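Numbering (mature numbering (1 follows the signal peptide of the UniProt record, and there is no 0)), first residue to last: -21 to -1, 1 to 378. Structure, as structure tokens:
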Amino acid sequence: MRRFRHRILTFSLFLGLFLFTGEDTDLLAKTKKQKTKKEGGTEYVFGWTQVASGFKEITDIQFHPSMPDEMVVLEKKGKILLWNFTNKQSKLIADFTGSVETRSEEGLLGLAFHPKFSENKLFYINAVSKEAGKDQTFILEFRWADSNVIRWQDRKRILLRVDQPYSNHNAGQLSFGPDGKLYIGFGDGGAGGDPYKHGQNTSTYLGTLIRITPNLDTNAPPYKIPEDNPFKNTPGFLPEIWAYGLRNPWKFSFDTKTGDLYLADVGQDDWEEVDLVLKGKNYGWNIKEGAHCFLPKENCEKPGLTDPILEYNHDLGRSITGGYVYRGKNLSKYYGWYIFADFVSGKLLGFPTEAEGKRKLTVLGDTHFLISTFGQDSTGELYFGDFSSGNIFQIGKKN
């Protein structure tokens, strides 16, 4: 019951119903620098500068592959906007309002540009919509248009649709890896505790990370199964599955230097986790929450489960937001660190990915924002979006 009450609160936060009560919200529209502060002996070292504003309920930040001065911002209710850093204005690129379901954690959740975008102008979205009375995750292919606003019916085709039994744990990230394949994350389908046991059910997409190759031939099936997918010819497994045993992966990313895939999986009762995703691995949900027994509460160890590379408990935060391995220049001391956040506590967190032995988690800043997503530009610098205010900030050094 405690976790259920907390999830209701988290959903309300995600829907923007609880704002910064008692705070001077005018401060959210100004540049904000992190003050020097110590908590538990750790000095906060990150600052942040507002670089964009005017958005509503930000769910994803991407950068235009052909125009480095253009940032693409997704809003939960269905809009895609293009922010220009030079004139500090946004342009509406797509509007799916009314076609996207927005209950709880549903909405327009993710966008990925095709690796050959400069040639084919294709991009893909992950969104929840309703058809035939069912909420479904849709993976859709569109062609970018600069002259007119793209609508839901303008989709080039549907790559995939997956029924969602509940309105939470929709995940929503999709991204092309360095191998040119499209990776898509799915949550376990929602409610609490994974009542349908999707996490360990390899005959459903729910609770998995899948890997496909979009088929550019419109007369062919919408995608192909890569030959080296781990379960392509394995009975009892969907051939698209790359990894499974996930609860609600809220953002994953590839290290631009090493190609390693880091995934943030939102916890249930006590633990938030970061997984280093490897081919064919089972990350344990709902047998385990993080590295700890969940069902059953004791003696849950079984062969083949992979623990997270890092976890934190709910004394620190209650809903992880995945970020990126930092490969920029402005924060040279943190080159090679995985930088992420907690949506509820607003803390910026990180750990060195190249450290030997146990990875040490560091609290790098305390924003008091609802950090719903990160973005990484072509130079490796990092940005985050505040779900409540609709502002976007660039991470930098503390003054």
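Backbone N, C-alpha and C define an ideal beta-carbon position, used for all residues, glycine too. Bear in mind the structure is a predicted one, so any value in this text is a computation, not a measurement.
For residue i, the three-state DSSP class (helix, strand or coil)
i, result
"Asp133", "helix"
"Gln179", "helix"
"Asn99", "helix"
"Lys230", "strand"
"Lys326", "strand"
"Lys113", "strand"
"Ser154", "strand"
"Lys267", "strand"
"Ser311", "helix"
"Pro200", "coil"
"Phe353", "strand"
"Lys70", "strand"
"Gly89", "strand"
"Ala170", "coil"
"Pro193", "strand"
"Glu2", "With a pLDDT of only 30 at Glu2, under the threshold of 50, the placement of this residue in the model should not be trusted; the figure read from the coordinates follows. Glu2 falls in the coil class under three-state DSSP."
"Leu(-13)", "With a pLDDT of only 48 at Leu(-13), under the threshold of 50, the placement of this residue in the model should not be trusted; the figure read from the coordinates follows. DSSP places Leu(-13) in helix when its eight states are reduced to three."
"Glu290", "strand"
"Asp345", "strand"
"Asp142", "strand"
"Ser83", "coil"
"Cys272", "strand"
"residue 450", "Because residue 450 is not part of the residues shown, which for the chain are -21 to 378, the question remains open."
"Lys14", "Confidence at Lys14 is low in this model, with a pLDDT of 38, below 50, so its placement is unreliable and no value can be given for it."
"Ser368", "coil"
8 Å Cβ cutoff, residue i in contact with chain B
i, result
"His271", "The displayed structure is made up of one protein chain only, and chain B is not part of it."
Inter-residue CB distance, residue i and residue j (contact presumed, cutoff 8 Å)
i, j, result
"Gly259", "Ala222", "7 Å"
"Gly325", "His347", "5 Å"
"His93", "Leu87", "Actually they are not in contact, since the Cβ atoms of His93 and Leu87 sit about 18 Å apart, beyond 8 Å."
"Gly164", "Gln152", "5 Å"
"Gly329", "Phe322", "Their Cβ separation, rounded to whole angstroms, is 16 Å, which puts Gly329 and Phe322 out of contact at 8 Å."
"Gln115", "Val141", "6 Å"
"Leu327", "Phe96", "That belief does not hold up - the Cβ atoms of Leu327 and Phe96 are roughly 30 Å apart, past 8 Å."
"Thr65", "Asp48", "6 Å"
"Gly302", "Phe353", "4 Å"
"Pro193", "Glu120", "7 Å"
"residue 414", "Thr300", "Past the edges of the chain, shown from -21 to 378, lies residue 414, and the structure says nothing about it."
"Gly89", "Asn99", "With 8 Å as the limit, Gly89 and Asn99 do not qualify as a contact, their Cβ atoms being about 19 Å apart."
"Leu349", "Gln355", "Not a contact, Cβ separation roughly 20 Å."
"Asn359", "Tyr313", "The sequence shown places Gly at residue 359, rather than the Asn named in the question. Not a contact, Cβ separation roughly 11 Å."
"Ser126", "Phe117", "Between Phe117 and Ser126 the Cβ distance is about 25 Å, and since that is not below 8 Å, they are no contact."
"Val30", "Phe273", "In fact, because the Cβ distance is near 40 Å, the residues do not count as touching under 8 Å."
"Leu343", "Tyr23", "7 Å"
"Ser69", "Asn147", "Ser69 to Asn147, Cβ: 29 Å. No contact."
"Trp62", "Met50", "4 Å"
"Ile191", "Leu161", "5 Å"
"Ala124", "Tyr145", "Not confirmed; about 34 Å, so no contact."
Residue i - partner residues in DSSP beta bridges
i, result
"Gln373", "Thr28, Tyr362"
"Asp321", "Ile299"
"Val128", "BP columns for Val128 are empty, so no partner."
"Pro331", "Trp316"
"Ala243", "Val253"
"Asn147", "Partner(s): none; Asn147 has no beta bridge."
"Leu340", "Note: Leu340 sits in no beta bridge, so no partner."
"Phe121", "Phe102"
"Asn261", "Tyr223, Leu284"
"Gly164", "Leu188"
"Ser108", "Gln115"
Is the number of C-beta pairs between the stretch 303 to 315 and the stretch 257 to 277 that are closer than 8 Å three or more? Judged by Cβ distances under 8 Å, the stretch 303 to 315 makes no contact with the stretch 257 to 277, as fewer than three pairs qualify.
Curious, which full-length beta strand (DSSP E) runs of at least 3 residues does the stretch 21 to 63 contain? Within the stretch 21 to 63, the runs of beta strand (DSSP E) at least 3 residues long that lie entirely inside it are, in chain order, 25 to 31, 37 to 42, 49 to 54, 58 to 63.
Cβ contact check for the stretch 20 to 37 and the stretch 50 to 57: 3 or more pairs under 8 Å: Flag = yes, the stretch 20 to 37 and the stretch 50 to 57 touch.
Can you find at least 3 beta carbon pairs, one from the stretch 223 to 242 and one from the stretch 179 to 195, that sit closer than 8 Å? Because the criterion of three Cβ pairs below 8 Å is met, the stretch 223 to 242 and the stretch 179 to 195 touch.
Does the contact criterion of 3 or more C-beta pairs under 8 Å hold for the stretch 206 to 217 versus the stretch 228 to 244? Contact between the stretch 206 to 217 and the stretch 228 to 244 is absent: fewer than 3 CB-CB pairs across the two stretches fall below 8 Å.
So, do the stretch 236 to 251 and the stretch 199 to 210 have three or more beta carbon pairs nearer to each other than 8 Å? With the cut-off at 8 Å, the stretch 236 to 251 and the stretch 199 to 210 do not touch.
At least three beta-carbon pairs within less than 8 Å, the stretch 124 to 134 to the stretch 60 to 77: Result yes; three or more Cβ-Cβ pairs closer than 8 Å.
Can you confirm whether the stretch 284 to 303 touches the stretch 331 to 343 when touching is taken to mean that 3 or more C-beta pairs between the two stretches lie within less than 8 Å? Yes: the two stretches touch, three or more of their Cβ pairs being nearer than 8 Å.
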